[in-house]
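Notes to accompany the following structure.
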Amino acid sequence: MWSKSVDRSGPGPLMATWVLFAVVASVFASNEFKTRPSITADENGTLHVNTTGVVLINGVDVVNTLAQVAQQLQDLRQRVMLPIFDGALSISAGSDSPNSIYAADLDGDGDMDIIGSSNNDNTIAWYRNDGAGEFSKRVLSASVDRARAVFAADLDDDGDMDVVAASGGDDEIVWYRNNGTGGFSSSLTITTSADNPNSVFAADLDGDGDLDILSVSLNDDTLAWYRNDGSGQFSSRRLISTNTDYPHDVFAADLDGDGDMDVLSASYEDDKVAWYRNDGSGAFSSEIIITTAADAAVSVYAIDLDGDGDMDVLSASEFDNKIAWYRNDGTGRFSTQIIISTQAEGARAVYAVDLDGDGDPDVLSASRYDNKIAWYRNEGAGVFSTQNIITTSATGTRAVHAADLDGDGDLDVMSANEAGNTITWYRSTGLSIPHD
25 MWSKSVDRSG
35 PGPLMATWVL
45 FAVVASVFAS
55 NEFKTRPSIT
65 ADENGTLHVN
75 TTGVVLINGV
85 DVVNTLAQVA
95 QQLQDLRQRV
105 MLPIFDGALS
115 ISAGSDSPNS
125 IYAADLDGDG
135 DMDIIGSSNN
145 DNTIAWYRND
155 GAGEFSKRVL
165 SASVDRARAV
175 FAADLDDDGD
185 MDVVAASGGD
195 DEIVWYRNNG
205 TGGFSSSLTI
215 TTSADNPNSV
225 FAADLDGDGD
235 LDILSVSLND
245 DTLAWYRNDG
255 SGQFSSRRLI
265 STNTDYPHDV
275 FAADLDGDGD
285 MDVLSASYED
295 DKVAWYRNDG
305 SGAFSSEIII
315 TTAADAAVSV
325 YAIDLDGDGD
335 MDVLSASEFD
345 NKIAWYRNDG
355 TGRFSTQIII
365 STQAEGARAV
375 YAVDLDGDGD
385 PDVLSASRYD
395 NKIAWYRNEG
405 AGVFSTQNII
415 TTSATGTRAV
425 HAADLDGDGD
435 LDVMSANEAG
445 NTITWYRSTG
455 LSIPHD
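Residues in the sequence shown are numbered from 25 upward in steps of one, following the numbering used here.
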């Protein structure tokens, strides 16, 4: 072997290699390079290296080059690694026309449970997670009239997650008080005057530190909110707008960067996504239109998609099969529609979360005509991949959500499948390199 021929009386190739490694290591280990570069050996043969922080070989900055290579390898991993999802796993196979789902820890055991509403059996239920993704059903009510939507939030400020629900047949929005372990009260009325409510959301709209309730109702074209006094007692309805034609969805986020929560709506008959500026006290502007090019707008969501620190907007629209986003300039002025996909046939829901662990939010969609749950990788700065299909067996799907359901540190996906009478989830089992 070549190492046996090394002249051990002088600095041969092996010594030169060790010197190079020592110099590079010293650069990485030190944050300040104020001493003059030197290489010395003491009487015990210990090598001492001081450096200015730059190592040049044939004019190449070795340290900088190694750092660039490391970053390039990380970028490559983020670009080519895709999450793998299992086939459908059952949360509920006995729900009659489920249409809304949400994930939250309802029993305080540290894992994510599921809340769902189902229209034809008039049921609001939650599904207790055992921590490994096995679920058992707990009924909150089986007597609401056409259950339409659910949400979870701490409404009475006692540290646990309560449940909000809307039902279209009796025009009610109600909530259920959680005792902290998943024991719920009977329904507590917020309103009985929302004419066919379709969506609810919770956010602090008046800046008093508690969570208020938002709703949209189809038959009276109304976007409204209900002020929380902090204990779960709510005011009568406060109108934000009646200028939405058949509004399907509502969301809240700080869209203009002024520190308070503004409101978003998606309305079906006028193909509109709009927002309403909050003055900080819960007084809202008239509608500010983002687009009227979302044909049968049914879902809206806000998140920073391009990494510039402000909240962009996502929409799903049913008749043009479209998932799209709108870039925020930071003050609430939005770009024209940027199409992510037109391959979501009968798009019904949109959601965003970081599925591939690269630090930016990816986009999820549910589309009912093709029974599809799909996602779109954010390549950075709001540039999205083509559609990645999770399943085409979510029959008549109406809702999509994501959370870590099995406690393994990555995000799983769940859907409510109205025509299939199922609530299902799709386990993320890791990352893989895609093959053509």
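In this text, a Cβ means the ideal position worked out from N, Cα and C, and glycines have one as well.
Since the structure is predicted, the reported quantities are computational estimates derived from the model, not experimental observations.
Between F343, G132, A171, I264, which has its C-alpha nearest S121's C-alpha? Considering only alpha carbons, the answer is A171.
Which runs of the beta strand (DSSP E), 3 residues or longer, sit entirely within the region 302-384? 312-315, 321-327, 336-341, 346-350, 362-365, 371-377
Would the region 255-272 and the region 329-336 be scored as touching if the rule is three or more Cβ pairs under 8 Å? Verdict: no, contact absent.
Let me check understanding here. Comparing Cα to Cα, which of D182, I364, N345 lies closest to R351? I364
In chain order, which beta strand (DSSP E) runs of at least 3 residues are fully inside the region 187-233? 196-200, 212-215, 221-227
Pick helix, strand or coil for L130, following the three-state DSSP scheme. coil
Leaving out five residues before and five after D349 in sequence, what residues of the same chain have Cβ atoms less than 7 Å from its Cβ? What sits at residue 349 in the sequence shown is Trp, not Asp. Correct list, in chain order: L329, D336, V337, L338, I362, I364, G406.
My assumption, with CB atoms under 8 Å, is that A390 sits in contact with R372. Please give the rounded CB distance. 5 Å
Roughly how many whole angstroms lie between the Cα atoms of D394 and E342? 12 Å
Using 8 Å as the threshold, is the C-beta distance between V387 and F408 below it? yes
With distance defined between alpha-carbon atoms, name the residue in D430, G381, E196 nearest to G404. G381
Please classify D436 as buried or exposed, where buried requires at least 16 neighbouring CB atoms within 10 angstroms. With 16 or more Cβ atoms within 10 Å of its Cβ, D436 is classed as buried.
Own chain partners of D344 with C-beta closer than 7 Å, once the 5 adjacent residues on each side are dropped: D319, T366
When the Cα atoms are used, what is the spatial distance from D178 to A128? 11 Å
Neighbourhood of N243 by C-beta distance below 6 Å, restricted to the same chain and skipping five residues each side: D219, N220
Sort out for me which residues DSSP pairs V424 with in a bridge. S439
Q92: buried (16+ other C-beta within 10 angstroms of its C-beta) or exposed? Around the C-beta of Q92, fewer than 16 other C-beta atoms lie within 10 Å, and the residue is accordingly described as exposed.
Is DSSP giving L90 helix, strand or coil here? helix
Test item: CB-CB of R201 and D186 under 8 Å: yes
Is A166 near D145, with beta carbons less than 8 Å apart? yes
Grouping DSSP H, G and I as helix and E and B as strand, with all else coil, what is Y400? strand
Taking the alpha carbon of D230 as the reference point, which residue from G306, K396, Q411 has its own alpha carbon closest? G306
Do A340 and V374 have their C-beta atoms closer together than 8 Å? yes
By a C-beta neighbour count over all protein chains shown, 10 Å radius and 16 as the cutoff for buried, is L3 buried or exposed? The chain is shown from 25 up to 460; residue 3 falls before or after that span and cannot be answered.
Secondary structure at A171, three-state DSSP: helix, strand or coil? strand
Please work out which residues of its chain come closer than 7 Å, Cβ to Cβ, to R152, disregarding the five sequence neighbours upstream and downstream, and give them in chain order. These residues qualify, in order along the chain: D131, D137, F159, S160, R162, G206.
Sorted by chain position, which residues of the same chain lie with C-beta nearer than 6 Å to A190's C-beta, five sequence neighbours on each side aside? R172, A173, I197, P221, V224
Whole-Å CB distance - F109 paired with Y450, under 8 Å assumed: 4 Å
Which residue's Cα is closest to the Cα of A156: G134, K396, D353, I148? G134
Assuming contact is defined by CB atoms lying nearer than 8 Å, are D195 and S217 in contact in what I supplied? Contact flag set, yes.
Buried or exposed: which applies to E9, given that a residue is buried once 16 or more other Cβ atoms fall within 10 Å of its Cβ? Residue numbering for the chain in the displayed model covers 25 to 460; residue 9 lies beyond these limits and cannot be assessed.
Determine the DSSP secondary structure at S116, reduced to helix, strand or coil. strand
Assign R392 to one of three DSSP states: helix, strand, or coil. Three-state DSSP puts R392 in coil, outside helix and strand.
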